[in-house]
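**Q** For the sequence shown, position 19 (counting from the first letter as 1) is numbered 19 according to full-length UniProt numbering, and the numbering increases by one without interruption.
Dumping the structure here so I can ask a few things about it.
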Amino acid sequence: YLYNLGEMEMNKNNKKYERVHVSLFVINKNIFQHQYHSKIDDQIDKTLAAMNQGIISKLMSVLEASLSKLSRYDEGSLIGSILSFTNVSGSGKDLGQGYVNFTRNNMDQIRGKVNDELWILNIFEQWYTAQINMLCNWLSERLDHSLHYYQCTCLAHIVKKIYSDFELQGVMEDKLNSKAYQTVSQRMQTEEATCALTAPDGEAEGFGDGDEDTERPKAKVNIMEALSGEDGNLANISNVKNMVVGRVGNMFGKGIGGLSTKFGGGSWF
C-alpha cells in the first residue's frame with residue numbers, strides 16, 4: 001500500500017495512472033477488509049472452543065487427583081495396606097463428599113458469572129460426560145480385582161451425587177444415562193455388595209447409608225389395604241394383634257421362668 005501511494009505522489013501529472021492505482025487500492029482494501037472480518041469470526045470460535053477445553057481440563061484435574069489418591073488402595077499395594085491399618089485418611093465417603101462439594105461450588109460459580117444458558121448447559125454436559133468416561137476407564141483398569149472398601153465408598157458416593165446434581169442443572173436424560181454411566185453404575189452395585197460382606201464391621205455400616213439431601217424412593221406398604229380382604233373388612237387386623245400379643249407374652253414368660261430356674265426357684269427369696 002505505501003509503495004502504491006508513493007507512486008501516486010510521484011506521478012501526480014499522470015491522471016490516468018493515478019486513477020488506475022486509486023481504483024486498485026480501493027478494491028484491494030475492500031477485499032482484505034472482508035477477509036479480516038471472516039478471520040475474526042474464526043478466531044472467536046477457536047478461542048471459545050479453547051476456553052471450554054481449558055475449563056473442562058481444570059475441572060477434570062481435581063477428579064484425576066482424587067482417583068490418584070484412590071489408586072493407593074489398589075489390591076496388593078503396600079501403601080494401601082499401611083493406610084488401611086493406620087486409618088490416617090479417614091473414610092472414603094469423606095473424600096467423595098469433598099469432591100461433590102467441589103462440583104457444586106463450581107456449578108454455582110459458573111451460573112453466577114455466566115448469563116448464557118445454552119453455553120452453561122453445553123459446558124455442564126461436557127463436564128459430566130468427561131467425569132463418567134474417566135470413572136469408567138479407571139474402573140476398567142481394575143476389572144481383575146475387587147475394589148478396596150475405601151475406594152468403593154468414595155466412588156459410590158460420587159457416582160450417585162453427580163448424577164442427581166447434573167440432573168438438577170438441566171442435563172438431559174439421554175446424556176445422564178449413557179452407556180458409560182450404566183457400566184459404572186452396574187460395576188459399583190456389584191462392588192458395594194461385595195464390600196458390604198467383606199469390609200470390617202466399622203466400615204460396613206457406611207454402605208447404603210442415606211444422606212439428608214438425597215431423596216430415595218422407598219417401598220411403602222399400606223397396612224390397611226394389605227390386611228383387609230376383598231370385602232373391605234379388617235377382621236385380620238385383630239388376629240394379627242392377638243398373635244403379636246401372644247408371642248410377646250410367651251417371650252416374657254419364658255424369660256422370667258428361665259431366670260427363676262437359674263436362681264433356684266421360689267426359695268431364692
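No residue lacks a Cβ here, since even glycine has one placed at the ideal position from N, Cα and C.
Because the structure is a prediction, the values reported are computed rather than measured.
Under DSSP, the alpha helix (DSSP H) around D165 begins and ends at which residues?
**A** Counting along the chain, the alpha helix (DSSP H) containing D165 begins and ends at 149 to 168.
**Q** Taking the continuous alpha helix (DSSP H) assigned at D174, which residues delimit it?
**A** Residues 173 to 176.
**Q** Does the structure place the stretch 122 to 139 close enough to the stretch 172 to 182 that three or more beta carbon pairs sit under 8 Å?
**A** Yes, they touch.
**Q** Cα separation between D108 and V159?
**A** If I take the Cα positions, the gap works out to 19 Å.
**Q** In chain order, what residues of the same chain lie with their CB nearer than 8 Å to the CB of V100, ignoring the 5 residues before and after it?
**A** Counting only Cβ-Cβ distances below 8 Å, and skipping sequence neighbours, we find H157, I158, K161, I162, D165.
**Q** Could you give the distance in angstroms between the alpha-carbon of R142 and the alpha-carbon of K113?
**A** Going by the C-alpha atoms only, they are around 39 Å apart.
**Q** Indicate the three-state DSSP secondary structure (helix, strand or coil) for N133 in the structure shown.
**A** Note: N133 maps to helix in three-state DSSP.
**Q** T194 and C154 - do their beta-carbons sit closer together than 9 Å?
**A** No; because the gap between Cβ atoms is not below 9 Å, this pair is not in contact.
**Q** Can you tell which of I123, Y149, R187, Q189 has its C-alpha closest to the C-alpha of K175?
**A** Measuring from the Cα of K175, the nearest candidate turns out to be I123.
**Q** Going by DSSP in three states, V184 sits in which element: helix, strand or coil?
**A** Note: V184 maps to helix in three-state DSSP.
**Q** Taking 9 Å as the threshold (C-beta atoms), are E117 and L147 in contact?
**A** Against a cut-off of 9 Å, the Cβ pair of E117 and L147 comes out as no contact.
**Q** Would you mind giving the Cβ-Cβ distance between R72 and L139, rounded to the nearest angstrom? I have them listed as a contact below 8 Å.
**A** Going by Cβ atoms, the distance from R72 to L139 rounds to 16 Å, so no, they are not a contact pair.
**Q** If you compare alpha carbons, which of L121, K58, M51, D41 is closest to E167?
**A** Checked all of L121, K58, M51, D41; the closest Cα to E167 is L121.
**Q** Do the CB positions of M51 and M134 come within less than 9 Å of each other?
**A** In this structure, M134 does not lie closer than 9 Å to M51 by Cβ.
**Q** How would you label K58, buried or exposed, when you count the other beta carbons within 10 angstroms and need 16 or more for buried?
**A** Label assigned to K58: exposed.
**Q** Which whole-angstrom value is the C-beta distance of S66 and L48, which I expect to be below 8 Å?
**A** Their Cβ separation, rounded to whole angstroms, is 28 Å, which puts S66 and L48 out of contact at 8 Å.
**Q** Using a Cβ-Cβ cut-off of 7 Å (strictly less than) and excluding sequence neighbours within five positions of I132, which residues of its own chain qualify?
**A** Taken in chain order, the residues that qualify are S178, A180, Y181, V184.
**Q** Could you pull out every residue in the same chain whose Cβ sits closer than 7 Å to the Cβ of W119, ignoring the five residues on either side in sequence?
**A** Correct list: empty, nothing qualifies.
**Q** Using 10 angstroms around the beta-carbon of G54, count the other beta-carbons present and answer buried if the total reaches 16, otherwise exposed.
**A** It counts as exposed.
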